[in-house]
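*Asks:*
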Amino acid sequence: MFAAAVWLFMLVTDRQTLKRELIRLHVVAASDSPEDQAVKLQVRDAILENLQEGLSQVTDVSAAISYVESHLPAIEETANRVLELAGAPDSVRVSLDLESFPKRIYDTFSLPSGIYQSLRVMIGEGEGQNWWCVIFPELCLPETEEAFSKQAEESGLGDTLTQTLQEKDVYCIRFFFLDLIGKVENLLFSRK
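Residue numbers (the numbering used here): 94 to 285.
1. So, using beta-carbon positions, are L212 and L118 closer together than 9 Å?
2. Exposed or buried, which one is I274 when buried takes at least 16 other CB atoms within 10 Å?
3. Threshold first: 3 residues or longer. Then list the beta strand (DSSP E) segments lying entirely within the segment 107-132, N to C.
4. Going straight from the alpha carbon of H164 to that of G207, what length do you get?
5. For S126, I'd like the list of residues in its chain whose CB is within less than 6 Å of its CB, leaving aside the five on either flank, ordered along the chain.
6. Short of 8 Å in beta carbon distance, which residues of its chain neighbour R108, apart from the five on each side in sequence? Order them along the chain.
7. How is S184 classed by DSSP in three states: helix, strand or coil?
8. I198: which of V161, C226, V136, G180 sits nearest, CA to CA?
9. Where DSSP assigns a beta bridge to Q210, which residues make up the other side?
10. Apart from the five residues just before and just after L115, which ones in its own chain have a Cβ nearer than 6 Å to its Cβ?
11. List the endpoints of the continuous alpha helix (DSSP H) containing V161.
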C-alpha cells in the first residue's frame, strides 16, 4: 500500500511538473477549408520563427512566460501580417492562459491530457482544425527521439518523465495514468 501511495504521489508530481513547466502553442484555423488550413500553418511557422531566438535564451518557465506575455502584441502583429500577405480576410486574437488539452501524439513524443499554459492564436472565428505543440521548452522542433530527450532533460523534465512522454514499452501504464489524471483535471477545472 505504501508503494502504491508513493507511485501515485510521483504521478501527481509529474502531472504538476508538466502543467507548470510547459508552454504549449495552440493555433486555431478560421475554418477547415484547405485555404484556411494552409494559412494556419503559415501563421504557425511565422510565430515559431518569431519566438525561437528569444525563447532559446530563456532557461526557466517563469522567464518564458514573461517573455511571451511581453511579446503578445508582436506575435499578434506577425500573425496578422501573414494573413494580410496571404489575402485572408480574417484577423488574429492572441492570448496566454491556462487551457484544457486532450492527449496529443507527436512524431517523437506524446503529451497526456490536462490543463497547460498555452499561447493561443485564434484566426477569425476559430472554427477550423487546430495545431498544437510545445514552445517551451522547444519540443516542437526536435525531429528525432534523441534530440527530444536531450531538450526535455535539459529543461528539467527529468529522465523518467521524458521516457514516459516517449511511451517506451515499460512506461505505457505510467503514461495511461498521467493521461487519466489530466482528463480528470480537464473535467474538474476546465475554463471553456
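Just so it is clear, CB atoms sit at the ideal spot from N, CA and C, and this is done for glycine as well.
*Replies:* The answer reads as follows:
1. yes
2. buried
3. You should have 116-121.
4. 25 Å
5. No residues qualify anywhere along the chain.
6. P205, G207, L271, I274, G275, E278
7. coil
8. C226
9. I116, L191
10. Y209, V227
11. Annotation for V161: the continuous alpha helix (DSSP H) segment containing it runs 154-163.
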